[in-house]
Amino acid sequence: MACAEWREALSAYAKAAGLVSGRGRALRFVAPQDLPADTAYEAFIAATGGVPTRPNLHDFFNALIWLAYPLGKAALNARQAVAIATDGVQSTRGATRDAATLFDENAVLFACSDPALGKALRAFDWHTLFVARRADWGRACEVQPFGHALLEKLVAPYPSVTSHAWIVDVPQAYFGWTPLARRAWLDARIAPRLASGPLTTRDFAPLPVLGIPGWWPANHDPAYYRDTSVFRPGRRRTG
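Numbered per this note's numbering, the sequence shown spans residues 131 to 369.
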């Protein structure tokens, strides 16, 4: 399928679902040359609803995340557009834009019903998270990808691929819902904070994604997690 054809197909899906940009403009996926040279990417999306989409995996995955998490993506788009309008496009982004960019590009949502698992993640306690509590993956915690650059890396994965995990507290009933219902719940949950809540790089916890149970065959062996070049020890605030 040619790039123009899959942009049209994605746009048709977005239209049918009523998806919008950060400023409420009908979402569609447009050719990269539609973005004026003097206009910031996020500002253009917010103002027009057009998402410049190149014929590559990076932009294709970005489009898929717009379809999967439309509320979260629109909230990020609105926040980034406001920051650009306030501060202009600068070589150095502020703290909020840095965090928003990390979320957009490399985040995973660590959905968790047991606070002890989130605590283990923040404490770099890989043995607890991946070995001792391995059976609780899928019934007390799971990871949902959000960052489109992360998805691109996972086309050809390597051991040190590390995401920025955002912990989302979920009810225990969450793990009995369908995948579509889980994703919709997460989308509605994260959007308000992404739109206007506190957002800094300290909100993330590093998570080596090939350590996630079921994501990489080699991690079935507990010895896999002894590679400290990937599963690094660290100290992090837990509050």
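Glycine residues also receive a C-beta, built at the ideal position from the N, C-alpha and C atoms.
For aspartate 299, the enclosing beta strand (DSSP E) stretches over residues 292-299. Going by C-alpha positions, alanine 225 is about 29 Å away from alanine 246.
Secondary structure at alanine 335: strand, using DSSP grouped into helix, strand and coil. Membership of phenylalanine 159 in the beta strand (DSSP E) is indicated by the continuous run 158-160. Taking each of Arg209, Trp345, Gly306, Ala286 in turn and checking the Cα distance to arginine 269, the smallest one comes out for Gly306.
Below 8 Å, enough C-beta pairs join the region 335-343 and the region 251-261 to call them touching: three or more.
In the three-state reduction of the DSSP assignment, valine 285 falls in the coil class. Cβ-Cβ distances below 8 Å link alanine 286 to nothing in the same chain once the five nearest sequence neighbours on each side are left out. For aspartate 357, same chain residues with a beta-carbon under 8 Å away, outside a window of 5 residues either side, are Pro289 in chain order. Put simply, the backbone Cα of glycine 180 is about 19 Å away from that of threonine 231. With respect to the 9 Å criterion, glycine 202 and isoleucine 297 are not classified as neighbours on the basis of their beta carbons.
Contact between the region 184-199 and the region 131-140 is established, with three or more Cβ pairs separated by less than 8 Å. Under the 10 Å beta carbon count, glycine 341 is surrounded by 16 or more other beta carbons and is classified as buried. Contact holds between the region 189-203 and the region 143-157, because three or more Cβ pairs, one in each stretch, are under 8 Å apart.
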